[in-house]
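Only one structure is covered here, and it is reproduced in the block below.
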Amino acid sequence: MEERNANAVACLIMKLHITIPVSTLKMLELLKLMISACAFPHDTAEGNLFTRIHGNQSYMGMPVKPIVVTLGLEVVKPINLQKKLKAPSAPFVSGQPYDYPMANLSTRWVNNAAMLKHNSYTDGSAVRAIVLRSQKQLPGISFAAGFFCAPPCQSFLFAVFIVYTNSGAGITLSVNGMAQVIWSANRASLVGENATIELTGDGNLVLHEANGRLVWSSNTSVQLVAGMEITEHGNLVLFDQRNATVWQSFDHPTDVLVPGQSLLQGMKLRANTSTTNWTESKLYMTVLPDGLYGYVGSKPPQLYYTYLVDTNKSRKDPTRVTFTNGSLNIFLQSTQAGKPEAIIALPEAKSIQYIRLEYDGHLRLYEWSDEKWTMCAESTGYVQVDNASVLFRLILVQPNYCKCEKQRGLQARLLEELLLQGCNVQKLGEGGFGSVFEGKISEERVAVKCLESARQGNKEFLAEVETIGSIEHINLVRLIGFCVEKSNRILVYEYMPRGSLDKWIYYRHNNTPLDWNTRCRIILDIAKGLCYLHEECRRKIAHLDIKPQNILLDENFNAKLADFGLSKLMDRDQSKVMTVMRGTPGYLAPEWLTSQITEKVDVYSFGVVLMEIISGRKNIDFSQPEESVQLIKLLCEKAQNNQLIDMVDKHSNDMISRQEEVIQMMKLAMWCLQNDSCQRPSMSMVVKSCLLKAIHRYILLHLLHQYYLVQDEMGG
């Protein structure tokens, strides 16, 4: 500000005459800016704004009819503004002692370290604010808009964020008070140093990269915008000369809701890809006519959360979800004023709160408490896998409180707790990635697989959900749902009362050996399950971990494949895929050494399992004599010496008496165990071979039955 302007300001302070438009409702904000500019003049957008208003008879870039408003402001002590002009800048971000919530047209900000209103945090993030709205009590939390960068701070969002401000509304550092982004314009295309944000003369808010490339625009150039403001709720608003909202950030939510903000029907909250990757992930929340829904973006979208309202209402009735103090309120258009149709209860706010849809799909509620951000509520959900499945969701996570809802169609009711801390549940077994428990939902028994994050990563967990969640077959275990809570991952499967196959085929003193027909039926079931994965799905699925522990049996000894954590999707036109070695030693095909595999690795593993079923022993068994430890090596030796009968389970008299059939099945196993994957049969050929053997057995049994009937009739 030039010296003559500063003197003019000093005169105005004594008896303040200002020129404003009659229609504007922004007088008080304007006066605050003017007084702020008088007390701490500096060359900023606000200082220039004041000079323009006073000298050019304009407001927000518009010519106005002069009127005079006189305020009784008295200066107790003369102000030496010239001395203040030479004073060093304050140690906090803004040079002003008050907030600066507004900006006028034709204002441009350059994103660099020379900006007066900036702060760097101990975690490596930084903010550079252009407008700020402080709360009533300072020091405390304020809303601001400007540039934000996450560590290592090499690229920036134009964003609205919550910052900690001192008594002069300067952005400072609280111990744990890092800036919290609640809206951003350019998640998909971050900008660098010297990028610009400009409120143009025609009312368009535009973000440009330093090289001039347009990154984002509000597209409001023809809507008579008069200025920009950050509201007390954290809403960035462009308004016209009648003070009507032309554009607002609340209409374009990203991943956060703040109190007072509504998610209207059709709007979406989209989670970030990760804590450091701000691009949109596949997870989103949206409002539909009958409630709030969470989806995983896919074709078709996969539902993982729902909160339904009264479905007797018209499905054409628009719905909105509003975040208020202590609740998420769901309103229908026909809802009586102030009375929501449904309420999702949340902890009552003691300070500023916000809800974020985070990268893991959870809605988490955060609150500013004791000078730090604290998570005070969290949602988790079991995913609805298909239309016939059951949808589960954990309503709210608080200390010692967690319930589970079950929904069929559009009905919902509270059920007893499912495998939560303190529940009395039975452990069914333990696998490579965690433990399996027996749970109960209403009167339905389920198997609950609790994955240990250190043993199965997020990639394996998602592979299992994506694979088994998108398919259904009588010989595949049905996935009812899953739950993700922090590092804990849970899969809920149909309950298989007979457990895994390994409990039935390896000889133990306390169990009766399976008869040959039961073993043949199990072999056929396994083959059918693999055939479906390899040849009948839209994309081929290689299981990659076929072994007895991953084959489960129902009460009638029908077999189903389980545990798809290592599975691999393959396009139909792919002959081979490159992948790192995975699976269980002893069941791995030779081609794993090259890392180039096909679905035929499952055929090899099937051959190993087939031999274990026939022999009644493990593939690698150190309790055997040294020359017999490796089952497949022993099989080759016996085949060369024409001694395959020696491989039959000696505890099964039934199999010994039907050794010809058993040997034929062993030859099928040897076909599957060829070193050259091209020489192995497809699983459809295996199924046909098993069916043919089953038909031969049926015919033989039928003929024998008829023979004995004839003998009985003849009395002999």
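Residue numbers (the UniProt record's numbering): 1 to 716. The beta carbon of each residue, even a glycine, is placed where N, CA and C say it ideally should be.
Checklist entry - What residues in its chain sit with their C-beta under 7 Å from that of residue 769, if we drop five residues either side in the sequence? => result Since the first and last residues shown for the chain are 1 and 716, residue 769 lies out of range.
Checklist entry - In or out: F250 buried (at least 16 other Cβ within 10 Å) or exposed? => result The count along the sequence shown starts at 1 and reaches residue 250 at position 250. By the 16-neighbour rule on beta-carbons within 10 angstroms, F250 is buried.
Checklist entry - So, helix, strand or coil for K117, using DSSP? => result Along the sequence shown, read from residue 1 onward, the residue named residue 117 stands at position 117. Three-state result, K117: coil.
Next on the checklist: Quick check: the Cα distance between A342 and Q265, rounded to an integer number of angstroms?
Outcome noted: As a working mapping, residue 342 is identified with position 342 in the sequence shown. As a working mapping, residue 265 is identified with position 265 in the sequence shown. Answer to the nearest angstrom: the Cα atoms are 15 Å apart.
Item to check | Reference I656, options G439, L514, E627, T279, closest by Cα | outcome: Along the sequence shown, read from residue 1 onward, the residue named residue 656 stands at position 656. Of the candidates G439, L514, E627, T279, the one whose C-alpha sits nearest the C-alpha of I656 is L514.
Next on the checklist: Between which two residues does the alpha helix (DSSP H) holding C531 run?
Outcome noted: As a working mapping, residue 531 is identified with position 531 in the sequence shown. 516–531 is the extent of the alpha helix (DSSP H) around C531.
Item to check | Which of helix, strand or coil DSSP assigns to S689 | outcome: For the purposes of this step, residue 689 is taken as the residue at position 689 of the sequence shown. Correct three-state label for S689: helix.
Next on the checklist: Counting beta carbon pairs with one atom in the stretch 282–297 and one in the stretch 212–227, are three or more of them shorter than 8 Å?
Outcome noted: As far as the Cβ criterion goes, the stretch 212–227 does not touch the stretch 282–297, which means the pair count is below three.
Checklist entry - With C-beta atoms as the reference, is V687 less than 9 Å away from K540? => result Within the sequence shown, residue 687 is the residue found at index 687, counting from 1. Within the sequence shown, residue 540 is the residue found at index 540, counting from 1. No, they are not a contact pair.
Checklist entry - Would you call the CB atoms of F461 and W504 closer than 9 Å? => result For this step, residue 461 is matched to residue 461 along the sequence shown. For this step, residue 504 is matched to residue 504 along the sequence shown. Not in contact: F461 and W504 (Cβ atoms no closer than 9 Å).
Checklist entry - Taking the C-alpha atoms as reference points, what is the distance between L357 and F161? => result Stepping through the sequence shown from its first residue, residue 357 is reached at position 357. Stepping through the sequence shown from its first residue, residue 161 is reached at position 161. So the alpha carbons of these two residues sit roughly 16 Å apart.
Item to check | Length of the line joining the Cα atoms of I474 and R187 | outcome: Position 474 of the sequence shown, counting from 1, holds the residue named residue 474. Position 187 of the sequence shown, counting from 1, holds the residue named residue 187. If I take the Cα positions, the gap works out to 44 Å.
Next on the checklist: Going by C-alpha to C-alpha distance, which of N517, I523, L303 sits closest to N653?
Outcome noted: One-based indexing of the sequence shown puts residue 653 at position 653. Its Cα nearest to that of N653, the residue N517 stands out among N517, I523, L303.
Item to check | Residue interval of the alpha helix (DSSP H) (run including A669) | outcome: The residue given as residue 669 occupies position 669 in the sequence shown. Taken as a continuous stretch (DSSP letters only), the alpha helix (DSSP H) holding A669 covers 659–672.
Next on the checklist: What ranges does the beta strand (DSSP E) occupy inside the stretch 98–162, keeping only unbroken runs of at least 3 residues that lie completely in it?
Outcome noted: Taking only runs of at least 3 residues, the beta strand (DSSP E) segments lying wholly in the stretch 98–162 are 102–104, 107–110, 118–120, 126–134, 140–149.
Checklist entry - S652 lies in the beta strand (DSSP E); which residues open and close that run? => result One-based indexing of the sequence shown puts residue 652 at position 652. Here S652 belongs to no beta strand (DSSP E), and DSSP marks it neither H nor E.
Checklist entry - Going by the CB atoms, is the gap between W592 and G583 shorter than 9 Å? => result What you label residue 583 is simply residue 583 of the sequence shown in a count that begins at 1. What you label residue 592 is simply residue 592 of the sequence shown in a count that begins at 1. Between G583 and W592, the C-beta spacing is below 9 Å.
Item to check | Contact the stretch 531–540 vs the stretch 612–632: 3+ CB pairs below 8 Å | outcome: Contact fails: fewer than three Cβ-Cβ distances are below 8 Å.
Checklist entry - Going by DSSP, what residues sit across from R320 in a beta bridge? => result Numbered from 1 along the sequence shown, position 320 holds the residue referred to as residue 320. The partner list for R320 (beta bridge, DSSP) reads L264, F331.
Item to check | DSSP-derived helix/strand/coil call for N204 | outcome: Translated into positions along the sequence shown, residue 204 becomes position 204. Three-state DSSP puts N204 in coil, outside helix and strand.
Item to check | 8 Å contact criterion, which G291 and I330 should meet: CB distance rounded | outcome: Taking the sequence shown and counting its residues from 1, the one referred to as residue 291 is at position 291. Taking the sequence shown and counting its residues from 1, the one referred to as residue 330 is at position 330. Contact holds; Cβ gap of about 6 Å.
Item to check | When G565, G469, V492, A639 are compared against L303, the one with the closest alpha-carbon | outcome: To locate residue 303, count along the sequence shown from 1; it is residue 303. Of the residues G565, G469, V492, A639, the one whose Cα lies closest to the Cα of L303 is G469.
Item to check | Cα-Cα separation between L207 and L238, rounded to whole angstroms | outcome: What you label residue 207 is simply residue 207 of the sequence shown in a count that begins at 1. What you label residue 238 is simply residue 238 of the sequence shown in a count that begins at 1. Going from the Cα of L207 to the Cα of L238 covers about 15 Å.
Item to check | Residues that DSSP places opposite Y450 in a beta bridge | outcome: Residue 450 sits at position 450 when you count from the first residue of the sequence shown. Checking the displayed sequence, the identity of residue 450 turns out to be Cys instead of Tyr. DSSP, once it has assigned bridges, lists S435, I490 as partnering C450.
Checklist entry - Can you list, in chain order, the residues of its chain whose CB lies under 8 Å from that of K86, leaving out five sequence neighbours each side? => result As a working mapping, residue 86 is identified with position 86 in the sequence shown. In this prediction, K86 has a pLDDT of 34, which is less than 50 and means its spatial position is unreliable; nothing more can be read from the coordinates.
Checklist entry - Any chance the CB of D290 is under 8 Å from a heavy atom of the ligand SAH? => result With respect to the ligand SAH, the structure offers nothing, as it holds no ligand at all.
Item to check | Complete runs of the alpha helix (DSSP H) confined to the stretch 579–663 [at least 4 residues] | outcome: Whole alpha helix (DSSP H) segments, 4+ residues: 600–615, 631–640, 653–657.
Checklist entry - Per DSSP, what kind of secondary structure is Q679 in: helix, strand or coil? => result Here the question's residue 679 lines up with position 679 in the sequence shown. Taken through DSSP and simplified to helix, strand or coil, Q679 comes out as helix.
Item to check | For L288 and P340, the rounded distance between their alpha carbons | outcome: Start at 1 with the first residue of the sequence shown, and residue 340 comes out as number 340. Start at 1 with the first residue of the sequence shown, and residue 288 comes out as number 288. Looking at the two C-alpha atoms, the distance is approximately 15 Å.
Checklist entry - So what does DSSP say about N235, is it helix, strand or coil? => result Start at 1 with the first residue of the sequence shown, and residue 235 comes out as number 235. Of the three classes helix, strand and coil, the one that applies to N235 here is coil, per DSSP.
Checklist entry - Measuring CA to CA, which of V477, L157, E661, C153 is closest to residue 719? => result Given a span of 1 to 716 for the chain in the structure shown, any question on residue 719 remains unanswerable.
Item to check | Coil, strand or helix - Q241 by DSSP | outcome: Taking the sequence shown and counting its residues from 1, the one referred to as residue 241 is at position 241. Coil, per DSSP.
Checklist entry - Based on the DSSP secondary-structure assignment, which residues constitute the bridge partners of G499? => result Along the sequence shown, read from residue 1 onward, the residue named residue 499 stands at position 499. Per DSSP, L553.
Item to check | Cβ shell of M647 (< 7 Å), same chain only, five flanking positions each side left out | outcome: Counting from one through the sequence shown, the residue named residue 647 turns up at place 647. Once the five neighbours on either side are set aside, the close Cβ partners of M647 are I614, S615, L635, K638, M666.
Checklist entry - Going by other Cβ atoms of all chains shown within 10 Å of its Cβ, with 16 needed for buried, is G124 buried or exposed? => result For the purposes of this step, residue 124 is identified with residue 124 of the sequence shown, where counting begins at 1. By the beta-carbon neighbour count (other beta carbons within 10 angstroms, threshold 16), G124 is exposed.
Checklist entry - Under three-state DSSP, which class holds T467? => result Taking the sequence shown and counting its residues from 1, one reaches residue 467 at position 467. Assigned with DSSP and collapsed to three states, T467 falls in helix.
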